[in-house]
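Chemist: Have a look at the structure that comes next, please.
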Ligand SMILES: Cc1cc2nc3c(=O)[nH]c(=O)nc-3n(C[C@H](O)[C@H](O)[C@H](O)COP(=O)(O)OP(=O)(O)OC[C@H]3O[C@@H](n4cnc5c(N)ncnc54)[C@H](O)[C@@H]3O)c2cc1C
Ligand SMILES: *[C@@H]1O[C@H](CO)[C@@H](O)[C@H](O)[C@H]1NC(C)=O
Ligand SMILES: *[C@@H]1O[C@H](CO)[C@@H](O)[C@H](O)[C@H]1NC(C)=O
Ligand SMILES: *[C@@H]1O[C@H](CO)[C@@H](O)[C@H](O)[C@H]1NC(C)=O
Ligand SMILES: *[C@@H]1O[C@H](CO)[C@@H](O)[C@H](O)[C@H]1NC(C)=O
Ligand SMILES: *[C@@H]1O[C@H](CO)[C@@H](O)[C@H](O)[C@H]1NC(C)=O
């Protein structure tokens, strides 16, 4: 009897919660339906287009947003944010949807997603060479527009990456040593705040917000467009790649030579370079690629890389794609800037590591790292690639910006590492041993560096399993960012799991 009463009470409470939830959802849907006199397009669970609309780039995740609204202008963004603010929903922007952790879906169930893919505005002010760029454009489209105007920008290499997400968190590519990160080019941004108010952020207007949205944008607002200072592209570019098969001791020596070159050689700003490791052909070996882009006359590349190549074994191969600037952008994007085909997917886990220039890797750390990937990396059933990109070195524009000028704090760094492991054929699930494998790569470094080694991590290579993510991402800027979070988003409208906590 008691049990029956208990059960029925539980059921009653459950039904009550259910109906509350149903009311809340009905409120949400009716509020969205009233925006722009019913002209706002949106989808929600149960609609035929919902499964595809809520598909993330990284298939490791499957989140169910409460609704996805497709906006056409800033006013609609404001209206939708106000609905979320009033009804207590977490609101997130989705620009290109290429977050590593399904950030554009809110990194959990029940968020209100604002899809910006129709904000494809692009304009060039010719006298100032300042471009206005809608957040919904993809990198491939931005590069194509810029080329039309004879201009260029530093940015990510992937053509499908969204302008909004990429720029709000960083924007790293081979031209960033020469020009700076994408976010360093931002002159102003149009930002919809947590309460739905649209404001401009620039050096002159809301300068504290301007600081925050260059590196931590998703925690502070929805950027509908940015204006950016563009560059005159170099007339000649060479996309290069050298390859070696190496045993562990040879690869460790090569890494040491690369670090020595990175720290001590006179490296022109026009050199983008990374040291890439992929699986070796036999256990105990690795395949090493030295690749990048040289934004100067082709015949000078050899002398620029000379101090490094001279101390490495003879490469197994070398490829050189010489052309104009656009040719390099296309090459790095995999051959095309066209983004009309549907999005592709991957099932993966990434960790990043930004190493301080003042505390270079020890030989023990390089040795442990190479031994780990030459052995455990050979045994694993996962696919993987490890990119160790040069952020610093002499003449780096990234490091010429003061650490507290933008939210991106890594201004005295040597390497930007991306440690990427994926399931073959992108099959699900991503296995538990995949996490262990990638954790082990980072530990091969950190276990062989001083306890207080001050490394960082990169927000655009977002890691959902990084416990101390706030300090690794934002370092010394964190206290100021937390204070600004309390000012601009006091009720936590933009509180997704990887956001800055107030
Ligand atoms: C194939 C591929 C290649 C890549 N190559 C590079 C590279 O070379 N260099 C590099 O630096 N990065 C690179 N990245 C990482 C990429 O920059 C990030 O994943 C980026 O955040 C994706 O932006 P998005 O708009 O496509 O993603 P989304 O998933 O739409 O957004 C990412 C995050 O930003 C938030 N957000 C999106 N738009 C806005 C906005 N307008 N205002 C406020 N917040 C917003 C979202 O809510 C989410 O949290 C690559 C990623 C992929 C998948
Ligand atoms: C973009 O806008 C056009 C016309 O305004 C509309 O037909 C299309 O469905 C919109 N696309 C998205 C993704 O919202
Ligand atoms: C393994 O590395 C050694 C030494 O660097 C090299 O001579 C050999 O060719 C490599 N083996 C393969 C199969 O790549
Ligand atoms: C380190 O690099 C510098 C500059 O490239 C070079 O002169 C020197 O010989 C290198 N030292 C070693 C031990 O490789
Ligand atoms: C290199 O630059 C020169 C000068 O602008 C130009 O004439 C030439 O076509 C360029 N070469 C390539 C391969 O783009
Ligand atoms: C919205 O938030 C901003 C920043 O906190 C504040 O300045 C503004 O007054 C708020 N607007 C409204 C209508 O509450």
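Numbering (the numbering used here), first residue to last: 2 to 503. Glycine included, each C-beta is placed from N, C-alpha and C at the ideal position.
For the region 287–323, list the alpha helix (DSSP H) runs that are entirely contained and at least 4 residues long, ordered along the chain.
Modeler: The region 287–323 contains these whole alpha helix (DSSP H) runs: 302–310.
Chemist: Quick one: residues with CB closer than 6 Å to any heavy atom of ligand 7, in chain order, please.
Modeler: Ligand 7 is not part of this structure, which contains only ligand 1, ligand 2, ligand 3, ligand 4, ligand 5 and ligand 6.
Chemist: Look at residue 91 and residue 497 and say whether their C-beta atoms are less than 8 Å apart.
Modeler: A contact, by the Cβ cut-off of 8 Å.
Chemist: Assess, as a yes-or-no matter, whether the region 123–135 is touched by the region 202–220 under the definition of 3 or more beta carbon pairs within less than 8 Å.
Modeler: The region 202–220, when compared against the region 123–135, does not touch it at the 8 Å Cβ threshold.
Chemist: Check whether the Cβ of residue 378 sits closer than 7 Å to any heavy atom of ligand 3, and report yes or no.
Modeler: No, since every heavy atom of ligand 3 falls outside the 7 Å radius drawn around the Cβ of residue 378.
Chemist: Does the distance from the C-beta atom of residue 156 to that of residue 121 stay below 8 Å?
Modeler: No, Cβ-Cβ distance for residue 156 and residue 121 is not below 8 Å.
Chemist: I believe residue 136 touches residue 113 by the beta-carbon criterion, under 8 Å. Please report the beta-carbon distance rounded to the nearest angstrom.
Modeler: Contact flag wrong, Cβ pair sits at about 17 Å.
Chemist: What's the call for residue 270, buried or exposed, on a 16-neighbour Cβ count within 10 Å?
Modeler: Burial call: buried.
Chemist: Of the choices 441, 426, 422, whose alpha-carbon is the least far from that of residue 351?
Modeler: Checking every option, the nearest Cα to that of residue 351 belongs to 422.
Chemist: Can you tell me the Cα-Cα spacing of residue 264 and residue 257, whole angstroms?
Modeler: Cα-Cα distance, rounded: 11 Å.
Chemist: What do you reckon, is the C-beta of residue 325 under 7 Å from a heavy atom of ligand 5?
Modeler: For ligand 5, at least one heavy atom lies less than 7 Å from the Cβ of residue 325.
Chemist: Would residue 62 pass as a contact of residue 93 if the rule is Cβ separation under 8 Å?
Modeler: Not a contact, by the Cβ cut-off of 8 Å.
Chemist: Less than 8 Å between the beta carbons of residue 281 and residue 274, yes or no?
Modeler: Contact flag unset, no.
Chemist: Determine the closest residue to residue 432 out of 382, 124, 387, with distance taken between C-alpha atoms.
Modeler: Looking at the Cα atoms, 382 is the closest of the given residues.
Chemist: Under 8 Å: do the region 298–316 and the region 244–259 share three or more Cβ pairs, one atom per stretch?
Modeler: With a cut-off of 8 Å, the region 244–259 and the region 298–316 count as touching, because enough Cβ pairs lie within range.
Chemist: Once the 5 residues before and after residue 394 are set aside, which same chain residues still bring their CB inside 6 Å of it?
Modeler: Within the same chain, residue 394 has close Cβ partners 263, 268.
Chemist: Could you name the residues of the same chain whose beta carbon sits closer than 8 Å to that of residue 400, not counting the 5 residues immediately before and after it, in chain order?
Modeler: These residues qualify, in order along the chain: 358, 392, 393, 412, 413, 414.
Chemist: Report yes if the C-beta of residue 236 is less than 7 Å from at least one heavy atom of ligand 5; otherwise report no.
Modeler: Yes, since a heavy atom of ligand 5 falls inside the 7 Å radius drawn around the Cβ of residue 236.
Chemist: Residue 1: which of 74, 386, 345 sits nearest, CA to CA?
Modeler: A query on residue 1 cannot be resolved here, the shown segment of the chain reaching from 2 to 503 and no further.
Chemist: Out of 60, 238, 144, which one is the CA nearest neighbour of residue 159?
Modeler: The residue with the shortest Cα to Cα distance from residue 159 is 144.
Chemist: Can you tell me which residues form a DSSP beta bridge with residue 454?
Modeler: Answer is none; residue 454 lacks a bridge partner.
Chemist: Do you know offhand how far residue 96's Cα is from residue 405's?
Modeler: Rounded to whole angstroms, residue 96 to residue 405 spans 27 Å at the Cα level.
Chemist: Quick one: does the C-beta of residue 488 sit closer than 7 Å to a heavy atom of ligand 6?
Modeler: Yes - ligand 6 has a heavy atom lying nearer than 7 Å to the Cβ of residue 488.
Chemist: Indicate, with yes or no, if ligand 6 has a heavy atom lying under 7 Å from the CB of residue 198.
Modeler: Yes.
Chemist: Contact between the region 199–206 and the region 167–185: three or more CB pairs below 8 Å?
Modeler: Counting Cβ pairs under 8 Å, fewer than three are found: no touch.
Chemist: Check this for me: beta carbons of residue 441 and residue 377, under 8 Å apart or not?
Modeler: Their beta carbons are under 8 Å apart, which means residue 441 touches residue 377 by this criterion.
Chemist: Taking three-plus beta-carbon pairs below 8 Å as touching, is the region 43–57 in contact with the region 327–338?
Modeler: Judged by Cβ distances under 8 Å, the region 43–57 makes no contact with the region 327–338, as fewer than three pairs qualify.
Chemist: Quick test of your reading: residue 139 and residue 398, contact by CB under 8 Å. State the CB separation rounded to the nearest angstrom.
Modeler: Not really, about 24 Å apart at Cβ, beyond 8 Å.
Chemist: Any idea if residue 149 is buried or exposed, counting beta-carbon neighbours within 10 angstroms, 16 or more meaning buried?
Modeler: Residue 149 comes out exposed.
Chemist: Are there 16 or more other CB atoms within 10 angstroms of the CB of residue 3, so buried, or fewer, so exposed?
Modeler: With a pLDDT of 47 at residue 3, under the threshold of 50, the predicted position of this residue should be treated as unreliable, and no value is reported.
Chemist: Between which two residues does the alpha helix (DSSP H) holding residue 190 run?
Modeler: Note, residue 190: premise wrong, no alpha helix (DSSP H); beta strand (DSSP E) at 187–193.
Chemist: Please confirm whether residue 32 and residue 199 have their CB atoms less than 8 Å apart.
Modeler: Contact flag unset, no.
Chemist: Among residues of its own chain, excluding the 5 on either side of residue 402, which ones have a beta-carbon nearer than 8 Å to its beta-carbon?
Modeler: Here the set comprises 181, 185, 412.
Chemist: Measuring only from the beta carbon, is residue 251 closer than 7 Å to any heavy atom that is part of ligand 3?
Modeler: Yes.
Chemist: Counting pairs of beta carbons, one from the region 361–370 and one from the region 467–475, are three or more of them closer than 8 Å?
Modeler: Taking 8 Å as the limit for Cβ pairs, the verdict is that the region 467–475 does not touch the region 361–370.
Chemist: When you compare each of 299, 466, 215 to residue 435 by their alpha carbons, which one comes out closest?
Modeler: Of the candidates 299, 466, 215, the one whose C-alpha sits nearest the C-alpha of residue 435 is 466.
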